[in-house]
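For reference, the structure is listed below as structure tokens.
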Amino acid sequence: MSRIDLAGLTAGPSQVWGGVRLVPLLRERPVEGLRLHEELYGDEYGRVVLGGGHTYTSYIPHGFVADWSGGGGAGGGPRWGAAYGTQLDTAAPECVPLRTHHRTARRVGGGDGRRLRFLPLHLALEGYLALHFGGPSVVWEEWSRQAVRRGLSPREEDAYAGSSVRGLAEALRVFEIHPGQCGVVVYAADALAAAFVVPHPDDYRALHPSLVRDLYGELVHQYALYGRPVPAFAARIDDAAGRVRTLADLRAAARAEELAWTAAHDGLMARDLLESPYAWERVHRAGPFALYRFLPTFQADRGGRHIGEVITDRKGRTAYLKTFRLSENQVRRGWVLRRLADCDWDVARTAEALGTGYEELVARVRRAGFGALLDAHAVARRARALREG
Amino acid sequence: MAETFSDLVAAEDVLLFVNAAVTASGQREFRSTADEQRLSLDFLHAYVRVNYRPLYAASLALDINDHNAALVVERLLRHADEAGPQEKRLEGRLVAARLATLPPPRVYRLFDALRAARVNNRRTRAVMRDWLASRPDLAHDAVKYRAGLKHAVRHAHLLPGGTELGDFLFAPRRRARYDDPRLDARRRARHEQAALYELPFTVAEGFAARHGVPRAVFLERMAPRMTRLERLRAQGRAGVPAAGLAAMPLTRLALYALSLGFEERAARRAELTGALRAAARRAAGPHAGTWGRVAAVLDDSYSSYGSGVKRRRPLAVALGCHFLLEALARPGGYAPLWTSGSTDPLMARPWGPTPLGARILDALETGPQRLLIVSDGWDNAPPGLAGEVLRVWRTRLDPERRTSVVHLNPVYDADGFDVRRLAPCVPTAGVRDAEDLPSLVEIAQFAEGRTGLAELRAYLDRRVALFLGDA
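Chains as they are written, first to last, in my numbering: chain A, 93 to 481; chain B, 193 to 663.
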């Protein structure tokens with residue numbers, strides 16, 4: 093598998109608010125057998141929706157916080173934790189325990205009961221990127237001990253909470269959720285900012301408000317801040333003489349208008365996401381479902397600026413999808429790492445493969461913010477050896 | 193044709209103002225904040241007052257909402273110097289007639305606003321004096337709206353000292369007791385629990401809290417003294433009997449029905465439907481059954497939730513219109529089409545997108561004589577389709593206008609200084625209460641751009657004469 097397959101999902105008519113465009117993704121029928129972990133439904137909602145004696149494979153999106161002590165805090169009170177990476181089919185997910193200060197504890201424990209919430213931002217993004225980028229796989233002498241031992245973690249990346257992306261909170265608030273809606277594609281100034289797909293409309297309804305607490309890249313923030321309001325792509329019916337004579341003609345023309353939009357969206361607006369090849373890594377498999385993480389291939393002339401997580405069913409169709417758009421800087425850094433990984437992290441060989449000099453590549457690695465990963469002495473020794481012989 | 197371009201602009205401006213004054217209430221809406229609404233409305237009032245003062249005053253005779261009526265009165269009195277003596281006389285009568293229909297708390301608030309703006313011309317004092325003189329029971333007002341009455345009296349130099357009412361307001365310790373039972377009850381309520389139950393509900397509530405009277409006991413004993421709305425709000429609590437739905441106006445009733453949970457609506461289906469039908473028949477009056485075949489496209493998309501302060505207002509207007517149109521249409525000649533596709537209006541809930549275009553097509557297929565669209569004008573599935581359908585229908589399929597189409601919009605669009613339109617060829621009118629529907633459809637015909645300022649003036653004069661009782 094190399095591309096994201098959104099079969100079974102149709103793009104609905106977009107809704108625009110200022111510079112933000114939200115395109116609903118609709119399913120004719122929900123994906124069977126995969127549901128949001130019931131711990132993540134609020135109390136008022138959960139049992140009703142999930143009851144009925146069916147067995148489900150459950151999933152937990154990355155960064156969601158819930159009480160994982162099981163059975164309403166039996167033994168030792170609640171154990172709040174944030175899911176670390178999207179989890180598939182686990183009773184006790186791998187999570188980062190949250191130690192709450194007095195004030196946050198009150199917010200978490202009181203009032204609104206157990207609602208979905210995201211991890212504190214920096215933790216979430218570092219975790220996200222560390223999951224996607226491992227460290228050196230071969231211990232060449234140039235890499236520092238820390239890089240070998242810990243990989244690229246901890247990494248710092250900037251991201252913005254959805255609430256600080258201008259207009260996004262308002263756009264999500266006034267968005268009218270379609271009956272069969274299982275996902276949404278968020279555009280800022282008509283650049284694809286994020287795609288989010290879940291298996292069931294009820295899951296979407298539960299998670300829709302959480303999009304505003306989600307992470308968005310620097311680029312999205314800037315586009316939303318500086319972009320002008322985007323047009324609504326209003327329908328146009330071509331009624332040049334004789335084309336529309338009856339009400340049925342009119343209805344057909346209206347229907348054609350809807351289909352044209354769907355085609356235009358998938359082929360034009362979401363092209364970058366859907367048609368770029370990605371590098372896939374399978375993380376987990378449960379029943380017919382498999383959880384993958386994907387990265388752009390970082391090839392020079394190919395698009396692809398999104399990282400994300402996908403759960404697919406047996407046929408490879410997307411049941412769950414969450415993407416994060418990298419900024420140009422992040423893409424550049426990713427490119428360096430990818431090239432290094434392709435040559436087994438051998439700096440000299442990579443330089444050769446790229447057609448540049450050894451020192452040039454080292455400078456590039458340093459500029460990308462990975463200077464700490466290199467052992468300065470080893471690099472200097474190697475550079476001198478290459479220069480002299 | 194004697195009409196000039198400026199006349200057309202004037203007609204358009206005035207209609208725009210009327211639409212705004214019917215719908216906007218300075219409160220938060222689904223898509224704009226209270227501040228945006230107020231700012232936008234403020235500009236519109238200033239613009240129309242400066243440019244079309246006689247028409248501005250005449251708007252008091254129309255079905256504009258209380259918020260805007262109070263604003264119009266305030267601005268007319270604040271800028272008295274702009275009008276000539278002849279105009280002032282008419283304005284004065286309009287103001288007096290309108291104040292008489294406003295709820296007293298709103299009038300007292302208006303008087304307070306005039307006082308804050310330091311408006312104390314002779315006309316303002318006369319308006320205050322006449323309105324207070326027409327109050328049926330000033331002692332009751334003194335108890336219930338104490339601060340309001342006090343400010344008004346002081347501002348307008350009324351009520352010479354020494355009277356019992358004057359002492360009650362300005363020197364409450366001067367007398368040991370009052371002859372008037374209401375004033376005396378207010379005095380005794382400070383230390384005597386039994387006196388609570390002689391006071392108006394809102395005043396008694398505060399005293400009850402001070403005396404520590406259990407809420408249930410208080411509500412039960414207070415029930416006979418509550419106003420209709422107070423009883424409606426309090427019902428369902430212990431001790432308060434159910435308010436009668438029989439005499440309630442249509443939109444209020446719709447709001448009430450929508451405020452109930454689905455189970456309760458289902459359990460009381462017959463009662464609620466019956467009450468709504470009866471209210472609709474009352475509102476339709478002589479027009480009942482005269483409209484022929486009617487189709488309605490009613491918006492119950494998520495945005496019809498309104499906002500926290502105007503909860504479900506757009507949906508309630510749609511529901512009210514549904515029952516009213518059912519009464520107006522020929523028996524069996526009514527086709528309601530909700531945007532969500534639901535067929536059970538009583539169970540309406542604000543949910544889903546707004547596929548207005550597709551619904552209008554469905555409605556046109558029933559071959560109606562009149563098509564009414566009740567929606568906030570945000571057509572989004574797909575956007576703009578409703579406008580296109582209406583345009584093609586008007587230009588290609590029905591150029592002889594066999595079907596009349598009117599769009600009623602319950603939401604003021606702050607950015608556009610008007611209610612949002614669907615298409616230029618379809619008249620749009622603002623609507624606040626479903627009961628006003630027949631007169632709104634009448635005024636909407638002006639918005640089609642085929643009738644000019646002269647006719648609009650004539651229409652307004654007719655309404656003014658009707659309002660003042662001259663006709």
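Every residue, glycine too, gets a C-beta built ideally from N, C-alpha and C.
Predicted model only: the values in this text are computed from it and were never measured.
By the criterion of a C-beta distance shorter than 6 Å, Ala521 of chain B is surrounded in its chain by Trp483, Val486, once the five residues flanking it on both sides are discounted. Distance from the Cα of Glu356 of chain B is smallest, within the candidate group B:Ala344, B:Gly340, B:His343, B:Pro373, for B:Pro373. Looking from the CA of Leu128 of chain A, the closest CA among A:Ser255, A:Ser150, A:Leu446 belongs to A:Ser150.
About 6 Å separates the CB atoms of Thr595 of chain B and Pro560 of chain B; that is less than 8 Å, so the two are in contact.
Listed by position along chain B, the residues whose Cβ is nearer than 7 Å to that of Arg343 of chain A are Leu553. In the DSSP assignment, Trp372 of chain A falls within the unbroken beta strand (DSSP E) covering 370-378. Scanning chain A for C-beta atoms nearer than 8 Å to the C-beta of Ser596 of chain B yields nothing, as the closest lies near 17 Å away. The Cβ atoms of Val603 of chain B and Leu564 of chain B lie no closer than 7 Å to each other. For Phe222 of chain B, the chain A residues whose Cβ falls inside 7 Å of its Cβ are Val266, in order along the chain.
A distance of 7 Å or more separates the beta carbons of Pro291 of chain A and Pro574 of chain B. Residue pairing by DSSP places Phe462 of chain A opposite no residue, since no beta bridge is assigned to it. Remark: C-beta atoms of Leu117 of chain A and Gly275 of chain A approach each other more closely than 7 Å. Contact check between the region 196-203 of chain B and the region 219-233 of chain B: fewer than three CB pairs, one atom from each, fall below 8 Å, which does not count as touching. Ser419 of chain A and Val210 of chain B have their C-alpha atoms roughly 50 Å apart. Interface annotation, Arg505 of chain B: not in contact with chain A, CB-CB separation never under 7 Å. The shortest CA-to-CA distance from Tyr497 of chain B to any of A:Val266, A:Ser255, A:Ala103, A:Val240 is the one to A:Val266. Going by beta carbons, Ser534 of chain B and Leu548 of chain B fall outside the 7 Å limit. Straight-line measurement puts the Cα of His479 of chain B at about 22 Å from the Cα of Ala639 of chain B. Nearest C-alpha to Cys513 of chain B among B:Ala415, B:Pro416, B:Val633, B:Asp610: B:Val633. Burial state of Tyr318 of chain A is exposed, judged by a 10 Å Cβ sphere holding fewer than 16 other Cβ atoms. Per DSSP, Phe386 of chain A is not a residue of any alpha helix (DSSP H); the beta strand (DSSP E) it occupies stretches across 381-388. The region 280-290 of chain B makes contact with the region 239-257 of chain B: 3 or more CB pairs, one atom from each, lie closer than 8 Å.
Within a 10 Å sphere around the beta-carbon of Glu455 of chain B sit fewer than 16 other beta-carbons, which makes this residue exposed. The beta carbon of Glu557 of chain B sits closer than 7 Å to some beta carbon of chain A. Just so you know, the alpha carbons of Ala99 of chain A and Glu401 of chain A end up roughly 17 Å apart. Going by C-alpha positions, Ala475 of chain A is about 50 Å away from His357 of chain A.
According to the DSSP assignment, Ser631 of chain B belongs to the alpha helix (DSSP H) that extends over 629-636.
The DSSP assignment places 577-584 as complete runs of the alpha helix (DSSP H) inside the region 566-624 of chain B, in order along the chain (cut-off: 4 residues). Counted as a single uninterrupted DSSP element, the stretch harbouring Ala283 of chain A is not any alpha helix (DSSP H) but the beta strand (DSSP E) occupying residues 283-289. Counting along the chain, no alpha helix (DSSP H) covers Ile399 of chain A; the unbroken beta strand (DSSP E) around it starts and ends at 398-404. DSSP places Leu652 of chain B in the uninterrupted alpha helix (DSSP H) bounded by 645-660.
When C-beta atoms of the region 405-423 of chain B are compared with those of the region 389-397 of chain B, three or more pairs fall below 8 Å, so the two segments count as touching.
One Cα belongs to Ser256 of chain A, the other to His313 of chain A, and the distance between them is close to 8 Å.
For Lys342 of chain B, the secondary structure class from DSSP, reduced to helix, strand or coil, is helix. Per DSSP, the continuous alpha helix (DSSP H) segment holding Arg380 of chain B begins and ends at 373-380. In the DSSP assignment, Arg503 of chain B is bridged to B:Gly498.
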